[in-house]
Structures are given as C-alpha cells and as structure tokens.
Amino acid sequence: MHATKIIKMAKAGSVESNDILIMMSPGEGSIDMEVESVVFNQYGDDIKKIILDTLNEEGVTDAKVIVKDKGALDFTIKARVKACVRRGSEQDEL
Amino acid sequence: MSYKTLLFMPGNNPGMLQSSDILGADGIIIDLEDAVAITEKDAARILVCEYLNTFDTTQSDIFVRVNPLDTPFFYDDLDAIKTLNITGVVLPKASVESMEALDKYLTENNLDFKVIGLVETALGLEMAMDILSRSKKVIGVLLGAEDLTLDLGAKRTKESEEIAYARSRIIAVSKALQIEAIDTPWTDTDDYEGLKIDTLNAKDLGMTGKALISPRHVDIVNSIFAPSEQEVNHALRVVEGVKAANEKGLGAFSLDGKMVDAPIIKRALNLLKMSGDYKEEYDGLLK
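So the sequence lines, in the order shown, correspond to chains H and D. Number 52 in numbering that gives the first Met the number 0 belongs to position 53 of the first sequence; there are no gaps in the numbering. Number 123 in numbering that gives the first Met the number 0 belongs to position 124 of the second sequence; there are no gaps in the numbering.
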C-alpha cells in the first residue's frame, strides 16, 4: 500500500445539505479526528469508520481531520475525503 | 433510444446527484463544466466517480458534460470518467478540433461512449454539419442558446425569435445526419406556461427532445414530446401496411383512403422510435 503524507492544510466539500466538509492538516503521528454531524447520534460511528477506511485506502496514517457533516451519504463522504487528501498532499506550484 | 428529456445535474452537488435517477428524465447530463466552479473541478470528478460507482442508475441514461478542449480540464475529465458505466459524453462548444480530439481519445481507449455535440457558438452553428460528421459516435446535437446568443450579441428573450435560425439549422443538420436534435433548456424554472409554449414551438420545428435545468420541467416536457396513443396506433398500422405491401411487391399502398409513401413511413418509424415501440425488424422497411 502506498503512503500519502499530508503536507498542508486542505478542505473539500461544503456545509450544504447532503454534503460534508472535510478539513485536514498535518498530524502529530496518528489520525486525530473531530466529527460534528446533524445525525451524529444515529450515524456518528459509521461516519468515522468511512473516513478512517478511506484514509487507510489513500495511505494516510498521520493527519488532523475536522469534519462537519450535513447528512452526507457514504459515497459523498468517501469522495470528499479523497479530494481533501489529494489537495493536502500536493506540492504548491512555485 | 430517443431522448425526450435530458436533465442537467451539477457534478459537485451530492444532494442532486443522489436523486437524479428517480426524476423521470430519459437521460441525465452530469455537468462538470459550467455548473462546477473552477476551484472545484477536482472534487466534482471524484464525487461523480464515487456516485456512479456506488449507485446502479437504471431509470435514466447517464451522460457527462466534460469541460471544453481549450481548458486544462478536458483530458482530466475524460481520464476520470473512462472507466464508468455511462452512456456517453456531451461535448461543449463543439468544434472540428474538439470533436476530432474526443473521437481520437474514445477510439484509443476503446470506449463505446456515445457523443452529443453541444453547438453554442456562431462558428459551431455555421459548421455544425462538418463538426458532427467528424465522429461516428455522435448520436445527437444539443443547441446551447444562452452561450450562442452571447456570441451573436443577441438579446435572449422568452419568445426565442433570436434563435429561430439556429433551431432550424440544427434541426436540418440533425435530420441530414439522422441524429437527435435536442433543444436548448428553458431557463425560467418557475414559468411553466412559457416552458410549454417554448417546448411546443421546438417540437413543431422538428426538435426531438429538450435539455432541462430543472427537475420540475421533466414531466411537462416528457408529456409534450411523447406521442399520443392514437399517433402510436396509427404508426403501427402504417408499419403493418408496409410489411403487407412489401410481401405483395407493392411500392405504395393506401391507409384510411390516403396514400402511404416513403415520407409517411419515415415519420411513422421516427414516431415509434420516440415512443419506444420501434423494433429491429422495422430496419429494412424503408429500402
């Protein structure tokens, strides 16, 4: 599995209904995640699992992740995490 | 498949994407171009891929409108969608160069995608026949009146007299190439009476369907373009009459006291394609 390093702050998604905002920054040796969701009581653990699984697929083991969920389905959560990882791991062009 | 309705869906809006398949449109055009901000093109591509890899869309054919060739996003969009189970691609600002580039990409990647060319510039309109002939994958042409009138310096009105020439030219080209002619969307989402008049005008001119930007327009446009039961029954009788005449070696025959010749047969076959009653066995009837 490839390793991906988060090297800068990045965000993806939105706080519109059915979407989720993922914000990511370099971590301190592990995944540190804060989740806020309109359906946290019902689906908080599921949301965290999807995010962790997607980070694992993307090879990210070290990041601080802040999440604001507005009722996103699984495909949206995965998409926004992937977009955020790509943005956070890209070198800025000079 | 004849597309009475092709509904645009913004590619970066998960709420709209996840409901797109149940809205009743014959086809969905997931938009990576105008509906997606430049800073969100990457996120939209990923979202569209996740959506289409997760959901089995069965009610509507799926097309993706990619960004134009003269942007940095054209090939990134194609690379992103090439493994998806979609019907085809909508090519914006279609030109000879962009149609050839798209055809080359699809051929080199062995992609069986259909193509709808979006004509929305003055040059594109005048060269439509040439542009749309550049790929055998083209199954339709879509008129984009908002960008076209901008290019023409014309005022866009609800009466649409300013696009009468464009509509007629697109229709003539589509008939010559035997592809579908898809009319421009009606952009006032709350004016249903205006939508009905505009759609009827387009249909009477020869358009075979209409693009839409609002889910609330789907039922109205579907009902206008859908052939009536009476029309379908008449078309089926024409086809049966042709089959019987062919068996007897007759060139022409009469139905209800009126002579049935090639134009009548062709109209009947087109109507059956639109109603979904067309069968492969009708292919040879117009020899």
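Every residue gets a Cβ at the ideal spot worked out from N, C-alpha and C, and that includes glycine. Every value quoted in this text rests on a predicted model; they were computed, and no experiment measured them.
Identification of residues in the region 8 to 29 of chain D having a C-beta nearer than 8 Å to some C-beta of chain H yields ASN12, PRO13, GLY14 and GLN17, given in sequence order. Annotated three-state conformation of ASP182 (chain D) is strand, per DSSP. Sequence-ordered contacts of the region 43 to 62 of chain D with chain H read ILE45, LEU46, GLU49, TYR50 and THR53 [C-beta pairs closer than 7 Å]. Taken through DSSP and simplified to helix, strand or coil, THR207 (chain D) comes out as coil. Not a single C-beta of chain D is nearer than 8 Å to the C-beta of PHE39 (chain H). Going by beta carbons, VAL84 (chain H) and VAL59 (chain H) fall inside the 8 Å limit. Note that the C-beta distance between ILE181 (chain D) and VAL140 (chain D) is below 8 Å. Between THR4 (chain D) and LYS278 (chain D), the gap from beta carbon to beta carbon reaches 8 Å or more. Interface flag for ASP189 (chain D) against chain H is unset, since no Cβ pair is found closer than 8 Å. Between the region 198 to 214 of chain D and the region 227 to 237 of chain D there are fewer than three C-beta pairs closer than 8 Å, too few to call the two in contact. Among the residues of the region 251 to 263 of chain D, none has a Cβ less than 7 Å away from any Cβ of chain H. The secondary-structure analysis by DSSP pairs ARG166 (chain D) with nothing; it has no beta-bridge partner. Beyond the five residues adjoining it in sequence on each side, ASP76 (chain D) comes within less than 6 Å, by CB distance, of LEU31, VAL65 and ASN66 in the same chain, given in chain order.
Here DSSP, grouped into helix, strand and coil, assigns ILE115 (chain D) to strand. With a cut-off of 8 Å on Cβ pairs, the region 9 to 23 of chain D is not in contact with the region 22 to 35 of chain H, counting fewer than three such pairs. The three-state secondary structure of VAL80 (chain H), taken from DSSP, is helix. Measuring C-alpha to C-alpha distances from VAL172 (chain D) to each of D:ILE130, D:LEU46 and D:VAL95 identifies D:ILE130 as the nearest. Of all residues in the region 69 to 81 of chain H, those with a C-beta nearer than 8 Å to a C-beta of chain D are ALA71, LEU72, ASP73, PHE74, THR75, LYS77, ALA78, ARG79 and LYS81, reading in chain order. Residues of the region 5 to 21 of chain H that bring their beta carbon within less than 9 Å of a beta carbon in chain D comprise ALA11, GLY12, SER13, GLU15, SER16, ASN17, ASP18 and ILE19, in sequence order. Between ASP146 (chain D) and chain H, the shortest Cβ-Cβ separation is not below 8 Å.
Within chain H, ALA11, ALA82, ARG85 and ARG86 have C-beta atoms less than 9 Å from the C-beta of ASP41 (chain D), given in sequence order.
Distances from the CA of LEU176 (chain D) to each of D:SER132, D:ILE45, D:LYS202 and D:ALA79 were compared; the closest alpha carbon is that of D:SER132. With 16 or more other Cβ atoms from the protein chains shown falling within 10 Å of its own Cβ, ARG166 (chain D) counts as buried. In this chain, the beta strand (DSSP E) harbouring GLY87 (chain D) covers 87 to 90.
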